[in-house]
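Below is one structure, written out as structure tokens, with a few remarks after it.
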Amino acid sequence: MASKTIVRCEQVTKTYASGALTVQALRGASFSLEAGAFATLAGPSGSGKSTLLNLIGGLDRPTSGLVEIDGVDTRALDGTALSKLRRERIGFVFQAYNLIPVLTAAENAEYVLLLQGRPEAERQARVREVLKSVGLEGLEERTPRELSGGQQQRVAIARAIAARPALVLADEPTANLDSKTAASLMELMETLNREHGVTFLFSTHDPALIKRARRVLMLHDGEITHDGPPETVPHS
Amino acid sequence: MSDLAPTHAIAPASAPPATGGHSGTARLLVKLAWRSLWRNKRRTQITLSSIGFGLSLAIFFGSLAEGTYEKAEHDATELLSGQLTVETPTYNDNPGPTLSLEGAPALREELARLPGVLRARSLVTAQGVASTGAGALGVALLGVDPALEVGHSPLQNKLVEGKMISADEPRGILVGRGLAERLRVQPGKKVVLTSTDVQGNVSSELFRVSGIFRLGSDELDTYLVQAQLPLVQKMLGLRADQVGQIGLFLAPGEDVPAQVRAEVQALLDRAHQGSLRVRSWEETVPALAAWMKVDRSSNNVTRMLIVFLVMFTILNTLLMSVLERGHEFAVLLALGTPRRQLQAQVLLEVAMMAVLGCTLGFALGLAAAFWGQHWGIDLTRFIPEGATAGGMALDPIIHCKVSFPAFVKLTLFVFATTLLLGVWPMRRAGQIELAASLRTQR
């Protein structure tokens, strides 16, 4: 049985205008991502990785082209429906962790479940489960400022997967971490993907992390220049 | 595959959300708002202090002004007529014995029995001349029943020499210090008062000074003479049942004067067929009423200015707290937080701030007003010559008037204004550009 398509992008372009200046951040990007994928968007700074992630995550709208998430054509959605799509089908992990500073680790992990209106018993059970899976047992009541960078990013991953989204988007999730912590976090993401089937699409420009993905989408000047396993990525 | 596996059976975007978590969302909102309020403790404390201090100042100064007005009204009505005055329709045009009302004792007793009336007194006023060996001066003569003045007359606390008039000394009078100095009299000295009686004849009586008062108004202290009603009636050729006015003193209550006035007018129309009328103190002492009206308006403007100055400081703080959290709000939106929920959180923060600030301000204002009511503020050192308003002397020791309804009204106004100010930051929170704000780092 063929895997379900979670992301489908067709000729996606994005142009930013600032006064008389226009910047074409994406120039007709097309690709699909199946359920259970562990893929990375790689490329140098300014290549369009974050822009493409924002469009897939429904945080921004393409100038042209199709972005379909879990079978939903995002062009047809208004702001409220996009918000609902993000809440119910997409998990986000940001480069700067972006935890809610006034909530504890457990409350951060619970946040999206609360937005979804899940019953309390279900929320508590899921929070316990995800915090255990990211190795944060015993740190549930700590606030972000009481956690290290690596621990904060684990909470961010717990928050992203707690609602069992169809897709987890991670924008340079290890960029603010030291290499040891970054490797540990990648192991966690790999484990969640391998053992729990969580679909990951993350951006990075770290060659060590690119090698750990099962699929690499190379971006250059807003175009996908390569799509394949890491070993097929041209060295240049 | 464990329970962490993605649920591809998640409801589509158009389907209704799962139920059972509305109370959880409400709790989350309260939690987020409350904790966000205390993230920057110092700023929140300063903002709360601004609201509290501004409101308490407005309450205190308002109660001080109302206390001054109440005392001025009290002194004027106790001295001159009453809160309501019954008289002949043209009495005000030419006050004097020819326009006196008849059957006064019975009418006074009848009026005193009306609901809302605490007591009633008879009064005769006349223009005359007071003379001694040292000279003569024009005076206003007030004939009162001394028994009814005990415990009420503002002159009691203003005596600088001698004692109050009493039935034991039927010829006793009270004169102001200015008059006493000009006529060179002291308590026990004789004064001849001359006036015109109901027949138009000149009439004189010999009086003896019982006491000398100092109200603080040069006009009143050189012009006012208080004597006993029977002798004044005799001098003016009036019978014992004829007086110029009957003054009524009323129970406290905002609506009482209007209600009693209507009842009194109905009684007069019924029993006296329009030969008598009732007037409020604002009509009998119009200069004082006008001063109070102008001063109250001016005070209200000042208080509103205080409140608005405080409010704009608060608006600045509220706006800053939203603008500096643009990135954080963008993250919340990215996670799927509905914009209206974000706006509700901001408004809830403002509401919490308003509740705390107003509670603080109300408590401080109330405490200050109670202090001011009990101890008063003595301005004698600042205005040794005394102060007058609307022709009446103002007591230099001013007391606050504690009025819960007025305080609550002002507090609710500040609360509502703060909430209203919260609309702007709330709207700003709802207008955040998601992708652009996410790109900015905290």
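Chains as they are written, first to last, in this note's numbering: chain A, 124 to 359; chain B, 639 to 1080.
All residues carry an ideal CB built from backbone N, CA and C; glycine is no exception.
C-beta neighbour in chain B for residue i, strict 8 Å
i        : result
MET124/A : A caution first: MET124/A carries a pLDDT of 47, below 50, which makes its placement in the model unreliable, though a value can still be read off. Closer than 8 Å: no.
SER206/A : yes
ASN177/A : yes
LEU238/A : yes
SER141/A : no
GLU354/A : no
ARG182/A : In the sequence as presented, Arg is not what sits at residue 182/A; that position holds Leu. With 8 Å as the cut-off, LEU182/A counts as an interface residue toward chain B.
ASN299/A : no
GLU263/A : no
THR227/A : no
GLU243/A : yes
ARG338/A : no
THR203/A : yes
ARG210/A : yes
ALA148/A : no
PHE217/A : yes
Residue i at chain A interface by Cβ criterion, 8 Å
i         : result
ARG934/B  : no
PRO1063/B : no
ALA972/B  : yes
THR663/B  : yes
VAL603/B  : In the structure as shown, chain B starts at 639 and stops at 1080, and residue 603/B therefore has no counterpart that could be examined.
ALA982/B  : no
THR657/B  : For THR657/B, the predicted model reports a pLDDT of 48, less than 50, meaning its position is unreliable and no value from the coordinates is stated.
SER959/B  : no
ARG680/B  : no
LEU1072/B : yes
ARG899/B  : no
HIS646/B  : Note that HIS646/B scores a pLDDT of 38, beneath 50, so its modelled location is shaky and nothing firm can be said.
PRO1034/B : no
Contact under 8 Å by Cβ, residue i with residue j
i         : j         : result
LEU149/A  : LEU175/A  : yes
VAL823/B  : VAL847/B  : yes
GLU711/B  : TRP929/B  : no
ALA232/A  : VAL250/A  : yes
LEU290/A  : LEU324/A  : yes
GLY800/B  : GLN866/B  : no
GLY754/B  : VAL863/B  : no
GLY875/B  : VAL836/B  : yes
GLY1068/B : GLN983/B  : no
SER701/B  : GLY1010/B : yes
ILE129/A  : THR322/A  : yes
ALA283/A  : VAL216/A  : yes
ALA281/A  : VAL253/A  : yes
ARG751/B  : SER760/B  : no
LYS1047/B : GLU708/B  : no
PHE1053/B : GLY1003/B : no
LYS796/B  : PHE851/B  : yes
GLN274/A  : LEU300/A  : no
THR1055/B : VAL902/B  : no
PRO296/A  : ARG212/A  : no
CA nearest to the CA of residue i, picked from the options
i         : options                                : result
PRO1063/B : ARG963/B, VAL898/B, THR770/B, LEU906/B : ARG963/B
ARG877/B  : PRO1043/B, LEU739/B, ALA1031/B         : LEU739/B
GLY771/B  : GLN765/B, PRO743/B, ARG820/B, ARG757/B : ARG820/B
LEU853/B  : LEU737/B, ALA742/B, VAL813/B           : VAL813/B
ALA774/B  : LEU745/B, LEU752/B, LYS828/B           : LYS828/B
PRO868/B  : GLY882/B, ASP856/B, ASP1016/B          : GLY882/B
HIS343/A  : ILE129/A, PHE154/A, SER170/A, LYS127/A : SER170/A
LEU817/B  : VAL945/B, ALA778/B, CYS996/B, SER760/B : ALA778/B
ARG757/B  : VAL993/B, VAL988/B, LEU737/B, PHE887/B : PHE887/B
GLN147/A  : GLU346/A, PRO357/A, LEU222/A, SER153/A : GLU346/A
SER674/B  : ILE1070/B, PHE946/B, ALA989/B          : ALA989/B
SER804/B  : SER833/B, GLY849/B, SER842/B           : GLY849/B
Between the region 305–331 of chain A and chain B, which residues of the former have a C-beta closer than 8 Å to a C-beta of the latter? Taking 8 Å as the Cβ-Cβ cut-off against chain B, the residues of the region 305–331 of chain A that qualify are LEU315, GLU318, HIS319, GLY320, VAL321, THR322.
Would the region 156–165 of chain A and the region 330–345 of chain A be scored as touching if the rule is three or more Cβ pairs under 8 Å? Touching, yes, given that three or more Cβ pairs across the two stretches are closer than 8 Å.
For the region 1062–1078 of chain B and the region 1007–1027 of chain B, state whether three or more C-beta atom pairs, one from each stretch, are separated by less than 8 Å. No, the region 1062–1078 of chain B is not in contact with the region 1007–1027 of chain B.
Does the contact criterion of 3 or more C-beta pairs under 8 Å hold for the region 938–955 of chain B versus the region 788–797 of chain B? Short answer: they don't touch.
Touch test, the region 201–220 of chain A against the region 968–983 of chain B, Cβ-Cβ under 8 Å, three pairs minimum: Taking one beta carbon from each stretch, the region 201–220 of chain A and the region 968–983 of chain B have 3 or more pairs nearer than 8 Å; the two touch.
Do three or more CB pairs link the region 131–148 of chain A to the region 306–314 of chain A at distances below 8 Å? Segments in contact, no.
Taking a Cβ distance cut-off of 7 Å, strictly less, list which residues of the region 711–722 of chain B are near chain A, in chain order. Residues of the region 711–722 of chain B with a Cβ closer than 7 Å to any Cβ of chain A: none.
Just checking, does the region 678–687 of chain B make contact with the region 714–726 of chain B on the three C-beta pairs under 8 Å criterion? No contact exists between the region 678–687 of chain B and the region 714–726 of chain B.
Is there contact here, the region 264–276 of chain A with the region 237–247 of chain A, by at least three beta-carbon pairs under 8 Å? Judged by Cβ distances under 8 Å, the region 264–276 of chain A makes no contact with the region 237–247 of chain A, as fewer than three pairs qualify.
Along the region 1042–1069 of chain B, what residues have a CB closer than 9 Å to any CB found in chain A? Of all residues in the region 1042–1069 of chain B, none places a beta-carbon less than 9 Å from a beta-carbon of chain A.
The region 939–956 of chain B: positions lying closer than 7 Å to chain A by Cβ: Listed in sequence order: no entries.
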